[in-house]
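Numbering (this note's numbering), first residue to last: 121 to 441. C-beta atoms are modelled at their ideal positions from N, C-alpha and C, and glycine is treated no differently. Only one structure is covered here, and it is reproduced in the block below.
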Ligand SMILES: NC(=O)c1cc2c(N)ncc(C(N)=O)c2s1
């Protein structure tokens, strides 16, 4: 086939990138692929060939930028503009009711709660400038984390460009699905390497790799759940913020639910305590947040944790006898 002129190559690369990023969004974010792998692979190879012929055509959101390949000397430190808070845990229904009583007493009226699964992964913070992914960092101590942007670029569910050119910052969890964890440990056993104790350690170990090619192969995924810098977004509740993050292209957890009473919260907790083994990812509890952001602002924070949220922790799994 005759090599394309620059003009033709530019037009073709724009179209290929749009198609490939849409396919990847359907597969990795919506879990609803619409094309077979071979369709994706064929178009991907065509884009690689065009970008090799005309490297100036490469853009930051090109899917070819997700394969990793840099070997970093180390991770730079990142100071979080908005600190990542930690949560006060509760371990019983009684403690949960006491949390609700404290909230109602402080606020003076009943509130609704947004309940979300507590994903057993690694907290991450993602920064976007005019829609472009510019920085990804670990939680660290909540104020200072590590810059792991290069590794996070290889995580296919993290959008390299948002569906709107917004300047925002979001937080969430990077995790390894149970199936990937089992496969990875089988491989490591065959290679005589030490196996990971659990998916959380496997995800953390993958994101701490200085060779980004290794992270790219670890099939990590994400659920985003906090708007840290709203930019121009005007969500007034946590539930709406999740909808907005999903609209912008982030992967959010579909199991969240707004509960009007603490009894409803307890029903939600019991339901997932029973069924969590059927989830394709590990959870270690439920996060309960006052849904309305103005009420969150009224309640504020203690030294380290929000007064408007708590984490109900499941008892450690009964040892599988
Ligand atoms: N430490 C924290 O603040 C949180 C930790 C987590 C976690 N591991 N999974 C989900 C959520 C959530 N949906 O809010 C939070 S919030």
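Coarse secondary structure for residue i, derived from DSSP in three states
i: residue 268; result: coil
i: residue 154; result: coil
i: residue 366; result: helix
i: residue 132; result: helix
i: residue 440; result: For residue 440, the predicted structure reports a pLDDT of 49, less than 50, and the residue's modelled location is therefore unreliable. The matter cannot be settled from this model.
i: residue 171; result: helix
i: residue 139; result: helix
i: residue 289; result: strand
i: residue 261; result: coil
i: residue 234; result: strand
i: residue 248; result: strand
i: residue 377; result: strand
i: residue 177; result: helix
i: residue 274; result: coil
i: residue 86; result: What the structure shows of the chain is the stretch from 121 to 441, and residue 86 is not part of that stretch, so it cannot be assessed.
i: residue 125; result: coil
i: residue 357; result: strand
i: residue 161; result: helix
i: residue 149; result: helix
Contacts around residue i, its chain only, beta-carbon distance under 7 Å, and the 5 residues preceding and following it disregarded
i: residue 230; result: 224
i: residue 251; result: 281, 282, 284, 285, 286
i: residue 269; result: 255, 256
i: residue 361; result: 347, 355
i: residue 189; result: 332, 333
i: residue 152; result: 146
i: residue 279; result: 253, 369, 370
i: residue 315; result: 305, 308, 309
i: residue 217; result: 382
Start and end residues, alpha helix (DSSP H) containing residue i
i: residue 349; result: Segment 341–349 is the beta strand (DSSP E) holding residue 349; no alpha helix (DSSP H) there.
i: residue 425; result: Unbroken run through residue 425: none, as it is neither H nor E.
i: residue 416; result: 413–419
i: residue 222; result: 213–227
i: residue 385; result: 382–395
Span of the beta strand (DSSP E) around residue i
i: residue 278; result: No beta strand (DSSP E) contains residue 278, which DSSP labels as neither H nor E.
i: residue 404; result: 403–410
i: residue 198; result: 197–199
i: residue 433; result: 429–433
Cβ-heavy atom distance, residue i to ligand 2, below 8 Å
i: residue 244; result: Among the ligands in the structure shown, ligand 2 does not appear; only ligand 1 can be found there.
Chain-order list of residues whose beta-carbon lies under 6 Å from that of residue i (same chain, five-residue window excluded)
i: residue 232; result: 378, 380, 411
i: residue 424; result: 206
i: residue 353; result: 364
i: residue 192; result: 330
i: residue 357; result: 411, 412
i: residue 289; result: 247, 348, 349
i: residue 426; result: 205
i: residue 187; result: 336
i: residue 262; result: 203, 204
i: residue 447; result: This structure cannot settle anything about residue 447, because the visible part of the chain is limited to 121 through 441.
i: residue 178; result: 171
i: residue 375; result: 237
i: residue 437; result: none
Spatial neighbours of residue i in its chain, beta-carbon cut-off 8 Å, leaving aside the 5 residues before and after
i: residue 431; result: 207, 208, 209, 210, 238, 405, 406, 407, 408
i: residue 174; result: 126, 129, 130, 133
i: residue 265; result: 197, 198, 200, 204, 245, 257, 258, 259
i: residue 318; result: 240, 301, 402
i: residue 154; result: 143, 146
i: residue 435; result: 211
(request) With a floor of 4 residues, list each alpha helix (DSSP H) that falls wholly inside the segment 295–338, ordered by position along the chain. (result) 298–310, 319–327, 332–336, all fully within the segment 295–338.
(request) Answer yes if the segment 287–302 comes into contact with the segment 330–341, meaning at least three C-beta pairs across the two stretches below 8 Å, and no otherwise. (result) They touch, by the three-pair rule.
(message) When you compare the segment 199–212 with the segment 148–162, are there three or more beta-carbon pairs, one atom per stretch, that lie closer than 8 Å?
(response) Cβ pair count under 8 Å is below three, so no.
(message) Within 8 Å, do at least three Cβ pairs link the segment 276–295 to the segment 309–328?
(response) With the cut-off at 8 Å, the segment 309–328 and the segment 276–295 touch.
(message) Across the segment 237–246 and the segment 396–406, are there enough close Cβ pairs to call them in contact, namely three or more that are closer than 8 Å?
(response) With a cut-off of 8 Å on Cβ pairs, the segment 237–246 is in contact with the segment 396–406, counting three or more such pairs.
(request) Decide yes or no for the touch test of the segment 135–153 against the segment 163–179: beta carbon pairs closer than 8 Å, at least 3 of them. (result) Contact between the segment 135–153 and the segment 163–179 is present, because at least three Cβ pairs lie under 8 Å.
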